[in-house]
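Counting with mature numbering (1 follows the signal peptide of the UniProt record, and there is no 0), you get residues -22 to -1, 1 to 166 for the letters of the sequence shown. The C-beta atom is built at its ideal place from N, Cα and C for all residues, glycine as well. Remember, it's a predicted structure, so these values are computed and weren't measured experimentally.
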Amino acid sequence: MRHLSYLLAAAFCVTACASANAVDPLSKPGQAIKGTSQEYRHHAMYLRHRHTGEYAGTLHEHAMYHAASNTEISQPVAIDQVNEIEHQLQAAEKQLTELEASLTAAEKAAAKDHLAAIHQQHALAAKHVAELKSEIAKPKPAPAKVAEQAEAVQKAAATAGEAHDSIMKSQGVTPPKAAAENSIVVKK
């Protein structure tokens, strides 16, 4: 029983010390977390477009290699890539829907053309993803067809990203830093 009281006292001291050192973001506005939920949505959609393009580009290069070497594409690898492309594209569409809901009427009116372009490019990319899925479902997918569809998805994602960049600029939102800017450089 005595050990239990010591344990509770120690836990209380640790909790009290930790809370004493914690900074309340509401007490010092300069230390509060910066950014808004709308900025988060912009950044999330920006990254979804970029990731969709990167996965599609990787699949395109992979398929081009197999087309040039006249070998078969690894079906499980292609399926994983296409599923990831589809996931990123669906997430981008979800972020777009949430972003549209958060815009004011004036912001929607200003971004109307860009929003329509993004929806159009998402639909085009989804069409190419469906064609990719049907091609890789075959026992021997044609590398040239896979490369063609993957390149089309990559272009659609890039075009949607450009339209979204225009919206971000008009609202004063800067894109998230690239991975190269965040990387740690090891000096020899």
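{"Query": "Just list the alpha helix (DSSP H) runs in the region 101 to 160, keeping only unbroken ones of 4 residues or longer that don't cross its boundaries, in chain order.", "Result": "121 to 148, 157 to 160"}
{"Query": "Nearest to Ala120 by CA position, among Ala103, Glu32, Gln53, is which residue?", "Result": "Gln53"}
{"Query": "Could you tell me whether the Cβ atoms of Glu71 and Lys111 are closer together than 9 Å?", "Result": "no"}
{"Query": "Going by the CB atoms, is the gap between Ala41 and Ala128 shorter than 9 Å?", "Result": "yes"}
{"Query": "Return the chain-ordered list of same chain residues with a C-beta closer than 6 Å to the C-beta of His20, the five sequence neighbours on each side being excluded.", "Result": "Met146, Val151"}
{"Query": "Can you tell me which of the three DSSP states Ser47 falls into?", "Result": "helix"}
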